[in-house]
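*Asks:*
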Amino acid sequence: MDQIFAKASAVSSTATDATIVFGNWIVSGVKNNNAYVTDGTKGFIIYSSGHGFEPGDILSGTVACKVQLYKGSSEVTSISSKSSGLTVTKGGTVTPVAMSIKDLSGVNTGAVLTYSGLKYNGESLTDGKYSITPYSTFATLPTLVVGSNY
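Residue numbers (our numbering): 10 to 159.
Pasting the structure below:
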């Protein structure tokens with residue numbers, strides 16, 4: 010995963026040819042043209058119309074594609090579930106990983122993370138020093154109550 014983020018960071022917003030070795034990474038979620046992929050703690054977005062990926066797909070193999078940085082996250086384009094060199098198997102699961110807000114960055118896109126001891130202030134969840142804004146792509150968030158701990 011690190012090579013994807015390094016390459017994407019180097020080219021910034023210009024999609025550049027790359028060869029990526031997928032290492033049994035799991036599709037953690039799909040929404041529209043985006044498939045979110047993780048190795049457990051790190052991840053990236055596959056952006057492609059008609060990609061054909063589904064949550065739980067396990068991706069392995071060596072694939073020619075394009076990479077770029079999009080809003081701080083690595084994005085892989087020009088790839089689908091039928092891409093040459095890519096093997097897609099079903100049945101993968103993602104185990105949520107505990108992480109502090111301080112350590113969160115664009116390399117965690119696609120990962121399923123858990124937090125504890127955060128307080129909701131009406132806009133964000135905070136640990137007293139760092140904060141994150143709750144946003145859900147795949148599931149409905151519970152109603153957060155101002156002043157409550159989560």
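C-beta atoms are modelled at their ideal positions from N, C-alpha and C, and glycine is treated no differently.
Is the Cβ-Cβ distance between Q77 and S21 less than 9 angstroms?
*Replies:* Taking the first residue of the sequence shown as position 1, residue 77 is located at position 68. Taking the first residue of the sequence shown as position 1, residue 21 is located at position 12. Going by C-beta atoms, Q77 is nearer than 9 angstroms to S21.
*Asks:* Is L134 buried or exposed, if buried means 16 or more other CB atoms sit within 10 Å of its CB?
*Replies:* The residue labelled residue 134 in the question sits at position 125 within the sequence shown. Buried.
*Asks:* Can you tell me which of L113, T96, G131 and I55 puts its alpha carbon nearest to the alpha carbon of K75?
*Replies:* Taking the first residue of the sequence shown as position 1, residue 75 is located at position 66. Taking only the C-alpha atoms, the option nearest K75 is I55.
*Asks:* From what residue to what residue does the alpha helix (DSSP H) around S18 run?
*Replies:* Translated into positions along the sequence shown, residue 18 becomes position 9. It spans D11 to V20 - the alpha helix (DSSP H) in which S18 sits, taken as one unbroken run.
*Asks:* Determine the extent of the beta strand (DSSP E) in which A4 is found, giving its start and end residues.
*Replies:* As shown, the chain starts at 10 and ends at 159. That puts residue 4 outside it, with no answer to give.
*Asks:* Under 9 angstroms, do D11 and I35 count as touching if we go by C-beta distance?
*Replies:* Position 2 of the sequence shown holds residue 11. Position 26 of the sequence shown holds residue 35. Taking 9 angstroms as the Cβ cut-off, D11 and I35 do not qualify as a contacting pair.
*Asks:* Pick out whichever of K16, V72, G137 and S90 has its Cα sitting closest to the Cα of T28.
*Replies:* Residue numbering aside, residue 28 sits at position 19 when the sequence shown is read from its first letter. Checked all of K16, V72, G137 and S90; the closest Cα to T28 is V72.
*Asks:* Smallest Cα separation from Y129: which of L153, N42 and S90?
*Replies:* By one-based count along the sequence shown, residue 129 stands at place 120. When each option's Cα is compared against that of Y129, the closest is L153.
*Asks:* Assuming N158 contacts G115 (C-beta within less than 8 angstroms), just tell me the rounded distance between them.
*Replies:* Counting from one through the sequence shown, the residue named residue 158 turns up at place 149. Counting from one through the sequence shown, the residue named residue 115 turns up at place 106. Contact between N158 and G115 fails: their C-beta atoms lie close to 27 angstroms from each other, not under 8 angstroms.
*Asks:* Using 9 angstroms as the threshold, is the C-beta distance between A121 and P143 below it?
*Replies:* The residue labelled residue 121 in the question sits at position 112 within the sequence shown. The residue labelled residue 143 in the question sits at position 134 within the sequence shown. Note on identity: in this sequence residue 121 is Val, with Ala being the wrong assignment. It is not a contact, given that the beta carbons lie outside the stated cut-off.
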